[in-house]
Amino acid sequence: MCLGVPGKIINIFEKDGLPMAKVDFGGGVTRETCLAYIPEARVGDYTIIHVGFALNLLSEAEALETLALLQEIADLGEELGPELGSGDL
Amino acid sequence: MTNPSFDFTNSFRDAALVKKVIEEIRRTVTRPWVLMEICGGQTHSIVRHGLDQLLPPEIELVHGPGCPVCVTPLEQIDRALAIASRPEVIFTSYGDMLRVPGSGRDLFSVKASGGDVRVVYSPLDALKIARENPQKQVVFFAIGFETTAPPNCMAVRQAQALGLDNFSVLVSHVRVPPAIRAILGSPANRVQGFLLAGHVCSVMGYWEYPPLAQQYRVPMVVTGFEPLDLVNGILETVKRLEAGIVEVANGYSRLVTFEGNSSAQKMISDTFMECDRAWRGIGVIPQSGWCLRPEYDLFNAEKRFDVAAIAPRESPLCVAGQIMQGLKKPHDCPAFGRECAPEHPLGATMVSSEGACAAYYKYGR
Ligand code: SF4
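Protein chains in written order, with the working numbering: chain A, 72 to 160; chain B, 1470 to 1834.
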């Protein structure tokens, strides 16, 4: 139930009084999703859905920052490398 | 602005970078540490990607109770079986629940013997079935942690708004923070650091955790589900353990904020109230569940159907409760892979796609 994968909102509509969206997960997989908890969502945004509901939007800026930090750690580690590490991967 | 070329999934599966972060963990660690990932989705990701085998031997990962199917108490499964067997009922459930053993049988066998049991993907699907079958009683098995609570609440509120009097929910909701408190408060506890469940935190934020971290002197890191998220969460936890820093950090900032989704939290507190809940194999954890507020009695399957007298019988072999508290691993169970396998499970952790026993079985641990 919690193994959400990111999908992209490709259109937004209303059904039975609830804001809904079609979300594209790539590879031809799409799902209808309720947007009631993220009314700020727009077409083109990425979200993770749980049992038919989008509960948050994904932030690309935050994703890039996390990746940059990890890359920095990796680069630094490579420089310091063998002397400090146990080095026997 | 969203850049259409950014790939949220594969960017966090970069194998070379994962290896480098593991190298950094190796450089950081000086002595043994036991970490628990709370969420069963994370357990599966760790085992599937073999991260447990790449980590330095000092790091032991134990697997938490964050598998909703696994912890749904036997008496609720037995209630579900009793309700689903009634001729006037269409019983709807997430697919994972069908093979979960109750006291002797499962929902699948109720279906096989003529019960109308249907798998739904969302509680809104159950609502649709109720509208299409006004002559039937449609019951939805509302299980799960904080991620399925907002959807399940919405189904009840929609049923009310639409005036559906043939829809009810069998609620068996659980919450993560009381489970962490129970694990850390146990005299047998081994866990020294937590990877917090990223998706639960995306709904609830992580404001509930700093008091727990401080009380038990245990660092916690909000962690996502991709390999890079997991090794990052482990690295950040180990760094804090090695430095003796007790705090709650956020390693999943692309989805999680400290506050979480406040409209979802409000919907939960308006629809549910906290209650004591039994966790399968573990026992009752105080205030660890949500149940419907009395205003919604009309939609409460436990009130609508007389299913009070239930005497559950668990398999005497199953040690899933100890596994989910970090005290044992699946292969410590004498039944693992013998009397108990996915085709003939004795416990729920062998059934669910988020259960630790199923992960160990599937990926050959
Ligand atoms: S292997 Fe089966 S019997 Fe043993 S703990 Fe896991 S689910 Fe229970």
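The beta carbon of each residue, even a glycine, is placed where N, CA and C say it ideally should be.
Just so we're clear, the structure is a prediction, and the values are computed from it rather than from any experiment.
Of all the CB atoms in chain B, is at least one closer than 8 Å to the CB of residue i?
i	result
Pro-90/A	no
Glu-85/A	no
Ile-81/A	no
Gly-99/A	no
Glu-131/A	yes
Val-122/A	yes
Val-94/A	no
Ala-139/A	no
Ala-145/A	yes
Ala-125/A	no
Looking at the unbroken beta strand (DSSP E) that takes in residue i, where does it start and where does it end?
i	result
Asp-95/A	89-95
Ala-1666/B	1662-1666
Glu-1527/B	No beta strand (DSSP E) holds Glu-1527/B; DSSP gives it neither H nor E.
Gly-1752/B	1752-1761
Asn-1719/B	1717-1719
Lys-1597/B	Taken as a continuous stretch (DSSP letters only), Lys-1597/B belongs to no beta strand (DSSP E), being part of the alpha helix (DSSP H) at 1592-1601.
Asp-1585/B	1585-1588
Ala-1611/B	1606-1613
Is residue i buried or exposed, if buried means 16 or more other CB atoms sit within 10 Å of its CB?
i	result
Val-100/A	exposed
Ile-1714/B	exposed
Tyr-1678/B	buried
Gly-1824/B	buried
Glu-1695/B	buried
His-1800/B	exposed
Glu-1493/B	buried
Lys-1798/B	buried
Ala-1484/B	exposed
Tyr-1590/B	exposed
Asn-1621/B	buried
Determine the extent of the alpha helix (DSSP H) in which residue i is found, giving its start and end residues.
i	result
Phe-1577/B	1576-1581
Ala-1624/B	1618-1631
His-1513/B	1509-1517
Glu-1493/B	1484-1497
Met-1736/B	1731-1740
Leu-1710/B	1696-1712
Val-1645/B	1645-1654
Lys-1772/B	1770-1773
Lys-1831/B	1825-1831
Arg-1548/B	1543-1553
For residue i versus residue j, is the C-beta distance shorter than 8 Å?
i	j	result
Val-1457/B	Ala-1618/B	Here chain B covers residues 1470 to 1834 and nothing more, so residue 1457/B does not appear.
Ile-120/A	Gly-78/A	yes
Ile-144/A	Val-1490/B	yes
Leu-1486/B	Leu-140/A	no
Trp-1759/B	Ile-1737/B	yes
Glu-1615/B	Val-1691/B	no
Val-1664/B	Leu-1504/B	Reading off the sequence shown, one finds Leu at residue 1664/B, where the question assumed Val. The answer is yes: Cβ separation under 8 Å.
Thr-118/A	Ile-80/A	yes
Asn-1635/B	Lys-1597/B	no
Ile-1528/B	Val-1498/B	yes
Ser-1572/B	Arg-1782/B	yes
Measuring from the CB of residue i, is there a heavy atom of the ligand FAD at a distance below 7 Å?
i	result
Pro-1799/B	This structure does not include the ligand FAD; its bound ligands are the ligand SF4.
Leaving out five residues on either side along the sequence, give the residues of the same chain with a beta carbon under 7 Å from the beta carbon of residue i.
i	result
Leu-89/A	Cys-105, Ala-107
Gly-1575/B	Residue identity differs from the one stated: residue 1575/B is Asp in this sequence, not Gly. Leu-1567, Arg-1568, Val-1569, listed in sequence order.
Arg-1686/B	Val-1715
Thr-1706/B	Leu-1504, Gly-1662, Leu-1664, Pro-1688, Val-1690
Ala-1828/B	Thr-1512, His-1513, Val-1516
Ala-1595/B	Thr-1561, Val-1589, Val-1607, Phe-1609, Ala-1624
Whose C-beta lies closer than 6 Å to the C-beta of residue i among residues of the same chain, with five residues either side of it excluded?
i	result
Ile-1612/B	Pro-1537, Thr-1541, Ser-1641
Glu-1743/B	Gln-1756
Gly-1419/B	Examination of residue 1419/B is not possible in this model, given that chain B is present from 1470 through 1834 alone.
Gly-1816/B	Cys-1787, Ala-1789
Arg-1495/B	Pro-1525
Asp-1739/B	none
Cys-1508/B	Gly-1535, Ala-1666
Gly-1729/B	Val-1672, Met-1673, Gly-1674
Is there a Cβ of chain D sitting closer than 8 Å to that of residue i, yes or no?
i	result
Leu-106/A	Protein chains in the displayed structure are A and B, and chain D is not among them.
Are the C-beta atoms of residue i and some chain A residue less than 8 Å apart?
i	result
Phe-1477/B	yes
Glu-1728/B	no
Lys-1797/B	no
Glu-1492/B	yes
His-1668/B	yes
Ala-1733/B	yes
Val-1672/B	yes
Lys-1489/B	yes
Ala-1657/B	no
Phe-1793/B	The amino acid at residue 1793/B is misidentified as Phe; the sequence shows Met. So no, Met-1793/B is outside the interface.
Thr-1616/B	yes
Gln-1627/B	yes
Spatial neighbours of residue i within its chain, please: C-beta separation below 8 Å, excluding the five flanking residues on both sides.
i	result
Val-1725/B	Gly-1667, Cys-1670, Ser-1671, Gly-1674, Tyr-1675, Val-1691, Asn-1719
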